[in-house]
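As structure tokens, the structure follows; a few thoughts come after it.
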Amino acid sequence: MVKRPTIRLKPAECSIWPGNARDYEQLTEPRLRSLIESIQAENGNRIPVVVRRKQQGELQYELIIGTRRHWAVAWLNANHYPDIELVAIIEDLDDEAAFRLADIENREREDISDLERGLNYKAAVDTYYDGLQARLAERVKISKSTLARYIGLTEIPQTIVSAFASPMELQVRYGDKLLPAIRNPSLRPRMEEAAKQIAAEQSFRQSG
1 MVKRPTIRLK
11 PAECSIWPGN
21 ARDYEQLTEP
31 RLRSLIESIQ
41 AENGNRIPVV
51 VRRKQQGELQ
61 YELIIGTRRH
71 WAVAWLNANH
81 YPDIELVAII
91 EDLDDEAAFR
101 LADIENRERE
111 DISDLERGLN
121 YKAAVDTYYD
131 GLQARLAERV
141 KISKSTLARY
151 IGLTEIPQTI
161 VSAFASPMEL
171 QVRYGDKLLP
181 AIRNPSLRPR
191 MEEAAKQIAA
201 EQSFRQSG
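Its first residue numbered 1, the sequence shown is counted upward by one per residue in UniProt numbering.
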């Protein structure tokens, strides 16, 4: 196996590519504690992230794969380990190729939510595949029905998403049950009202 050459970066030297499914704002120290400890012990990430060179902007690189590793190294830099750097491989990728590469990695991760994947697939269909779900399904080798289930989650209004303890908990199996009612004009208002009450009760319990 040919070993790919790597470079070392500070997290601040690269921006996060917005086409990745993972929501960077949802990453936290407790969620990434095991990864943080591993990177600290190794003095860097053992598995390189993937970046590409940027044509414009102040930063030279854009992160395509490795959002969790980027966050973990940034956290370590801000918490007494300023010398740890991000090990990266540079790839020459257009946006569609970057999307497919990121999707391959994300499918191997258990901690990326179904909603994150649904939002990412919906954006990719509109941006790269002329609004045709069948084209995306063919390119990333998933069934059209599976793709439709993920994208269906994007139809769930925020009022109902907020009734879940975390957006991470909204799975396609829940979407299968919720969407028929959401798509029914006579049922949707009642569902949203019930969801608001659930969200308010959760907020009250958390504040107490």
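All C-beta atoms in this analysis are idealised placements derived from N, C-alpha and C, irrespective of residue type, glycine included.
Just measuring C-alpha positions, the residue of ALA195, TYR121 and SER166 sitting nearest ARG107 is TYR121. Excluding the 5 residues flanking it on each side, VAL140 has same chain C-beta neighbours closer than 7 Å at ARG100 and ASP103, in chain order. For the region 56-106, the continuous beta strand (DSSP E) assignments of 3+ residues that do not extend past its boundaries occur at 61-65 and 86-90, in sequence order. Burial of ARG22 is indicated by the presence of at least 16 other C-beta atoms within 10 angstroms of its C-beta. In the DSSP assignment, LEU179 falls within the unbroken alpha helix (DSSP H) covering 172-182. Of the candidates ILE151, ASN77 and GLU192, ILE151 places its Cα closest to the Cα of ARG173. The three-state secondary structure of SER166, taken from DSSP, is coil.
Secondary structure at ILE16: strand, using DSSP grouped into helix, strand and coil. Excluding five sequence positions before and after ALA12, none of the CB atoms of its chain fall closer than 7 Å to its own CB. ARG8: member of the beta strand (DSSP E) spanning 7-9, first to last residue. Within the DSSP secondary-structure output, ARG52 pairs in a beta bridge with GLU62.
A contact is defined here as three or more CB-CB pairs under 8 Å, and the region 25-38 meets this definition with respect to the region 74-84. Distances from the CA of LEU170 to each of ASP111, ARG135 and ARG188 were compared; the closest alpha carbon is that of ASP111. Rounded to whole angstroms, the gap between the alpha carbons of GLN202 and PHE164 is 9 Å.
Nearest to ARG31 by alpha-carbon distance, out of GLU155, ARG68, ALA194 and GLU192, is ARG68.
Burial check for GLU62: the Cβ neighbour count within 10 Å reaches 16 or more, so the residue is buried.
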